[in-house]
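Novice:
Below is the structure:
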């Protein structure tokens, strides 16, 4: 969008290096809005989304401090697509409202800001229709599995299940405006991010 703030949707498969890329864009000067962080904030104990989740999934999914046990909840919804849809219907609208508020705030601070909306389900949830451009971060499946085992302590079968529960990366790549390889050495990836940021800054 010429002369206006530009909103970029950043996505990828699980454990492809999306968070690393988001940090690099932030260092370039982009305003990063993290959908996962917003999703954690809207389900804090006592909030309406938290109450709806406890009512739907029972108190068994709570930690002793009343926060949601994300691993337990994740295990349930990744194995039962219908339950995942219920959970998304509780969380997504509230995250969307918070995202809109933060974008308005970014526009007030800098009318020519490059805003990066980091969201795992960009295409699945139709959020790509609310952004100007899309970036997909990719990695081969072997790398994804190895990162999930190391980062989340997941057994191989669970890691594969999590990868396959998302839209195939090939489909995301087909829909993307820009693609970044999350397996590149950090300095090379940083160089690609810098070049892309410069290009996007010209559009804002």
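Residue numbers (the working numbering): 11 to 214.
Cβ coordinates follow ideal geometry from the N, Cα and C atoms, glycine included.
Just confirm the distance between the C-beta atoms of residue 125 and residue 18, as a whole number of angstroms; I'd bet it's less than 8 angstroms.
Specialist: The Cβ separation is near 7 angstroms, so the contact holds.
Novice: Given a cut-off of 7 angstroms, decide if residue 158 and residue 169 are closer than it, judged by their beta-carbon atoms.
Specialist: Closer than 7 angstroms, so yes.
Novice: Which runs of the beta strand (DSSP E) spanning at least 3 residues fall entirely within the segment 57-138, listed in chain order?
Specialist: 124-128, all fully within the segment 57-138.
Novice: Does residue 163 pass the burial test, meaning 16 or more other C-beta atoms within 10 Å, or should it be called exposed?
Specialist: Exposed is the call here.
Novice: Starting from residue 152 and walking both ways along the beta strand (DSSP E), at which residues does that stretch end?
Specialist: It is not in any beta strand (DSSP E) - residue 152 instead sits in the alpha helix (DSSP H) that spans 151-162.
Novice: Which full runs of the alpha helix (DSSP H) of 4+ residues lie inside the segment 162-195, going along the chain?
Specialist: Fully enclosed alpha helix (DSSP H) runs of 4 or longer: 166-174, 179-185.
Novice: Applying the 10 Å Cβ sphere with the 16-neighbour rule, what's the burial state of residue 192?
Specialist: The residue is buried, with at least 16 neighbouring Cβ atoms inside 10 Å.
Novice: By DSSP, does residue 14 sit in helix, in strand, or in coil?
Specialist: Coil, per DSSP.
Novice: Smallest Cα separation from residue 48: which of 133, 109, 66?
Specialist: The residue with the shortest Cα to Cα distance from residue 48 is 109.
Novice: Quick one: using the 10 Å Cβ neighbour count with 16 as the cut-off for buried, is residue 149 buried or exposed?
Specialist: Counting Cβ neighbours within 10 Å, residue 149 comes out buried, since at least 16 surround it.
Novice: When you compare the segment 133-148 with the segment 26-36, are there three or more beta-carbon pairs, one atom per stretch, that lie closer than 8 angstroms?
Specialist: The segment 133-148 is in contact with the segment 26-36.
Novice: With burial defined as no fewer than 16 other Cβ atoms inside 10 Å of the residue's Cβ, what is the status of residue 122: buried or exposed?
Specialist: With fewer than 16 other Cβ atoms within 10 Å, it is exposed.
Novice: Give me the Cα-Cα distance between residue 194 and residue 152, rounded to the nearest whole angstrom.
Specialist: C-alpha separation (whole angstroms): 14 angstroms.
Novice: Going by C-alpha to C-alpha distance, which of 44, 27, 21, 211 sits closest to residue 200?
Specialist: If we check each option's Cα against that of residue 200, 27 comes out closest.
Novice: For residue 20, write down the residues that DSSP places opposite it in a beta bridge.
Specialist: Per DSSP, 128, 145.
Novice: Could you tell me how far apart the beta carbons of residue 138 and residue 43 are, in whole angstroms, since I believe they sit closer than 8 angstroms?
Specialist: No, residue 138 and residue 43 are not in contact; Cβ-Cβ is about 15 angstroms, not under 8 angstroms.
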